[in-house]
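Residue numbers (this note's numbering): 909 to 1087. Idealized CB from N, CA, C, for every residue including glycine. Worksheet: the structure to be examined is printed underneath.
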């Protein structure tokens, strides 16, 4: 969907056109789900995040000022919702497990070397500090430019470049240890 069509649908949805809102959801669901999945790593959580995102969009659409693109605004809501879920889950894990327990190894659906390498890479990205992880996911996984990622993250383009440089260095360290 192109930017002009998004703007038209947003304007119509703000005026109460439910069909326009449904079209916004249809055209953007895959992007939201994919971003959420890359952030959290499982289907159920990604679906929950996507549903929460579109509930938030429905409630906050009238506050969308248009200073950034609708897609940028949607990425920001998606990432913040995924971070919130991650924080809730991390807090719950602290209460559910003792500090001495090892996580169970993941033997589900073993694949070829490429699948294993991709899992290792995404696992390493998942362990990056939040700002580096967000920059890496937006630029490397979602294909956004540094400028677009900067808008989503509310920072300077140079900051995104710095986060990506730091992420690359940390990933080199993490992945060289596992090799």
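Reduced DSSP secondary structure (H/G/I, E/B, other) of residue i
| i | result |
| --- | --- |
| residue 1069 | helix |
| residue 1075 | helix |
| residue 1116 | No answer is possible for residue 1116: it lies beyond the span of the chain, which begins at 909 and ends at 1087. |
| residue 1007 | Annotation note: pLDDT 40 at residue 1007 (below 50); position unreliable, coordinate value reported separately. If DSSP states are grouped into helix, strand and coil, residue 1007 belongs with coil. |
| residue 994 | helix |
| residue 1053 | coil |
| residue 975 | coil |
| residue 1038 | helix |
| residue 1031 | helix |
| residue 1090 | Because the chain spans 909 through 1087 in this model, residue 1090 falls outside it and cannot be assessed. |
| residue 950 | coil |
| residue 967 | helix |
Local Cβ density within 10 Å of residue i, reported as buried at 16 or more and exposed below that
| i | result |
| --- | --- |
| residue 934 | exposed |
| residue 1026 | exposed |
| residue 1024 | exposed |
| residue 1036 | buried |
| residue 952 | exposed |
| residue 1056 | buried |
| residue 914 | buried |
| residue 1142 | Because the chain is modelled from 909 through 1087, residue 1142 falls outside the range shown and cannot be assessed. |
| residue 1022 | exposed |
| residue 906 | What the structure shows of the chain is the stretch from 909 to 1087, and residue 906 is not part of that stretch, so it cannot be assessed. |
| residue 1053 | exposed |
| residue 943 | buried |
| residue 963 | exposed |
| residue 971 | exposed |
| residue 1085 | exposed |
| residue 1058 | buried |
| residue 1075 | buried |
| residue 1064 | exposed |
| residue 1066 | exposed |
| residue 1032 | buried |
Integer Cβ distance of residue i from residue j, believed to fall under 8 Å
| i | j | result |
| --- | --- | --- |
| residue 969 | residue 918 | 7 Å |
| residue 1060 | residue 987 | 7 Å |
| residue 1071 | residue 1043 | 4 Å |
| residue 1028 | residue 1078 | That belief does not hold up - the Cβ atoms of residue 1028 and residue 1078 are roughly 14 Å apart, past 8 Å. |
| residue 961 | residue 938 | Between residue 938 and residue 961 the Cβ distance is about 12 Å, and since that is not below 8 Å, they are no contact. |
| residue 941 | residue 954 | 5 Å |
| residue 1045 | residue 947 | 6 Å |
| residue 991 | residue 1038 | 7 Å |
| residue 929 | residue 966 | 7 Å |
| residue 1034 | residue 924 | Contact flag wrong, Cβ pair sits at about 40 Å. |
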